[in-house]
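Residue numbers are given in full-length UniProt numbering: position 101 of the sequence shown equals residue 101, and the series is strictly consecutive.
What follows is a short report on a single structure.
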Amino acid sequence: MIAKQVARIIAEYVVFLELTDEEELNLDTAVEASEVLGAQLEVLDKGFLRELVDAFAVIAAEYSGKAQEVVRNIPYGFYLEETLAADDPVRLAELEALRDARD
């Protein structure tokens, strides 16, 4: 339950950074804010991070259009699955292959 609540907070923040017009939000500021968020996500407890990653897929349904896609892609954009698999070279290789296929 807490993971969903935190995911909603993060989602609102990321949607704002991603979808706010460049005339309203400086691009460099948005990138810097995203980098700070990413660094904070990487140091979360791995068990909680797993719950959080799973929560983004659930709460994405609460959004529509481009915002829904942004929320669904938060784990991908911040390399959260890779963070979770940091000690598993096989899983990291799988994730790298999936990322290569997607890009």
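Backbone N, C-alpha and C fix where the C-beta goes; we use that ideal spot for every residue, glycine too.
Is the beta carbon of residue j closer than 9 Å to that of residue i?
i	j	result
LEU92	ALA85	yes
TYR79	GLY38	yes
ILE9	LEU41	no
THR20	ALA30	yes
ALA3	GLU51	yes
PHE16	LEU25	yes
Starting from the C-beta of residue i, find all residues in its chain whose C-beta is less than 6 Å away, skip the five residues before and the five after it, and write them out in chain order.
i	result
ILE74	VAL14, PHE56
GLU69	none
Which first and last residues belong to the alpha helix (DSSP H) in which residue i is found?
i	result
LEU41	27-42
THR83	80-84
ASP54	46-59
ASP87	Per DSSP, ASP87 belongs to no alpha helix (DSSP H) and is neither H nor E.
GLU69	65-72
Just to confirm my understanding: we take residue i, look at its own chain, exclude 5 residues before and 5 after, and list those with CB closer than 7 Å. What are they?
i	result
ASP45	none
ALA33	LEU17
LEU95	GLU81, GLU82, ALA85
VAL58	LYS4
ALA67	VAL15, LEU19
Among residues of its own chain, excluding the 5 on either side of residue i, which ones have a beta-carbon nearer than 8 Å to its beta-carbon?
i	result
VAL53	PRO75, LEU80, GLU81, LEU84
What distance in whole Å lies between the Cβ atoms of residue j and residue i, which are believed to be in contact at a cut-off of 8 Å?
i	j	result
VAL71	ALA60	4 Å
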